[in-house]
Structures are given as structure tokens and as C-alpha cells.
Amino acid sequence: MTTIDYGSASANPQTKPAETKISFRSLPLELRHQIFSSCTVLGLLILSHTCHAMYVDINSNPHLVQQSEGYLNYVECWPLEISKPHPMLPAGAIPLTVRMISYYDKVEEYCGRDPLDGYRRREWSLFNEVYGGCHRDHPDQCQNECWWACGGCDLIRRKEDFPWIRSISIAKYLDYRGIVQVSNCKDCWV
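Okay, so the sequence shown: first residue is 301 according to the working numbering, each after it adds one.
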């Protein structure tokens, strides 16, 4: 380990202190939970799928999900049959999944500018890109069984369960992930 004396006249002005890398996991649990508490329900879902440690952090604390933007009490809305305990979570913990937030929770809260292209990005667009099950190169071949977030009502459902009046491409825009097609359900056109 090298000690650098910045107060000395003989110290080399080009010498910089060594950068210390701090991993997110090395932060205290309370600080990680504070950071998680500012996430939307979709943000928590995406983060919980990045690594085992984040999965356990997020899913072991039900208050994180309950206090997130877009949350509408998914545990009481979805019929649950837990046949055996989750191997990574405490007893009784119910993991956050797409299925758990579908049909009730919304992905409407975040609307920020994409850092690479400057376009406004809404959470339903991000959801459709990450979990929509549609192929980026062939969005017209999207399967009815895939998950979809409506651009109008922000609900997540299976594509086949939306009350589609017709398949409408309201907007196409390019982001750093590829072409995203936006479709609204019939309920949003009333």
C-alpha cells in the first residue's frame, strides 16, 4: 500500500489517490433497502433478477414491494397455492414475479429520459421490451401468450387477455434496445 503526501512540495502532482471500488452488496442492509424503497414495482422486479443476493434482499422484505410505486396488493389479488417453501427465501415469503404483478399492478410511475438517446421512456415500454416476449427483430410475430403492458391503462396482462379492438401501432421509436411498438387496449380507446 502506497501512502501519498499531497501537502509536500516534493509530491508528484500527477499522482492520484487509488480509486476504491465499493460494491452495492458491501453497503449496509438498511442503506440497500433505502435505495430499493425508491424503486417502482417494475424496478424491483428487474433488480431481483440481476443476482441471487438482490433476489433474496428484495423478496425477503415484503415492505419494499408494498411501498413501491405501482403496487396494488398483489398477494391478496392473486390466488396463491404454496406447495413448498422457497429454497432461498424465509418461510412464507412470496417472491415478486411478473405473474404476481399482472392484472392488478401498474407500471405507470416512472417517466425519465433515456441517457443514450434522450427519448422519454415510460415503464410500460421498458416492461414490454424486457418481459414482453416479443422479438425485437420481428415484433409482428409476438405470441398471444406473451406478457404485455398497455400503453394507456398501464396494466400488465397476457396479450391474449387484453380487450383488443385492433392491433394498432401508435408509435414506433428507436431506443438503445431496438424498436419498441406501442399498442393500447380497447378499454383505453373509450
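Using N, Cα and C, we set each Cβ at its ideal position, and we do this for glycine too.
Kindly indicate which three-state DSSP category I456 falls into: helix, strand or coil? Start at 1 with the first residue of the sequence shown, and residue 456 comes out as number 156. Of the three classes helix, strand and coil, the one that applies to I456 here is strand, per DSSP.
Whole angstroms are fine: how far does the CA of I401 sit from the CA of A353? As a position in the sequence shown, residue 353 is number 53, starting the count at 1. As a position in the sequence shown, residue 401 is number 101, starting the count at 1. Those two C-alpha atoms are separated by around 21 Å.
Give the straight-line distance between the Cα atoms of G343 and D461, rounded to the nearest whole angstrom. Mapped onto the sequence shown, residue 343 falls at position 43. Mapped onto the sequence shown, residue 461 falls at position 161. About 24 Å.
With which residues is A391 paired in a DSSP beta bridge? Position 91 of the sequence shown, counted from the first residue, corresponds to residue 391. Note: A391 sits in no beta bridge, so no partner.
Give the C-beta separation of L364 and F324 to the nearest angstrom, bearing in mind that I take them to be a contact with Cβ-Cβ under 8 Å. As a first step, residue 364 must be located in the sequence shown, where it is residue number 64. As a first step, residue 324 must be located in the sequence shown, where it is residue number 24. With 8 Å as the limit, L364 and F324 do not qualify as a contact, their Cβ atoms being about 15 Å apart.
Considering only residues of the same chain and omitting the five flanking positions on each side of V356, which have a CB-CB separation below 8 Å? Translated into positions along the sequence shown, residue 356 becomes position 56. Closer than 8 Å at the Cβ level, and outside the excluded window around V356, lie M388, L389.
Could you tell me which of S360, V398, T397, R399 sits nearest to A391, measuring between CA atoms? As a first step, residue 391 is located in the sequence shown; it is residue number 91 there, counting from the start. When each option's Cα is compared against that of A391, the closest is S360.
So what's A353 in DSSP terms, helix, strand or just coil? If you number the sequence shown from 1, residue 353 lands on position 53. In the structure shown, A353 adopts helical secondary structure according to DSSP, grouped into three states.
Cα-Cα separation, P492 to G432: In the structure displayed, the chain extends from 301 to 490; residue 492 sits before or after that span and is not available.
What are the start and end residues of the alpha helix (DSSP H) that includes R399? Here residue 399 refers to the residue found at position 99 when the sequence shown is read from its first residue. Per DSSP, R399 is one residue of the alpha helix (DSSP H) stretching across 398 to 401.
What residue range is occupied by the uninterrupted alpha helix (DSSP H) comprising P385? Start at 1 with the first residue of the sequence shown, and residue 385 comes out as number 85. That residue, P385, is in no alpha helix (DSSP H); it is neither H nor E in DSSP.
Out of E319, Y403, V398, C450, which one is the CA nearest neighbour of H349? For the purposes of this step, residue 349 is taken as the residue at position 49 of the sequence shown. Answer by Cα proximity: V398.
Grouping DSSP H, G and I as helix and E and B as strand, with all else coil, what is E423? What you label residue 423 is simply residue 123 of the sequence shown in a count that begins at 1. In the structure shown, E423 adopts helical secondary structure according to DSSP, grouped into three states.
Residues of its chain near P395, where Cβ-Cβ distance is below 7 Å and the 5 sequence neighbours each way are ignored: Residue 395 sits at position 95 when you count from the first residue of the sequence shown. Counting only Cβ-Cβ distances below 7 Å, and skipping sequence neighbours, we find N359, H386, L389.
Count the other CB atoms within 10 Å of the CB of A318; is the residue buried (16 or more) or exposed (fewer)? As a position in the sequence shown, residue 318 is number 18, starting the count at 1. With fewer than 16 other CB atoms across the displayed protein chains lying within 10 angstroms of its CB, A318 is exposed.
So what's R466 in DSSP terms, helix, strand or just coil? Taking the sequence shown and counting its residues from 1, one reaches residue 466 at position 166. For R466, the predicted model reports a pLDDT of 47, less than 50, meaning its position is unreliable; a value from the coordinates is still stated below. The answer is coil: DSSP assigns R466 none of H, G, I, E or B.
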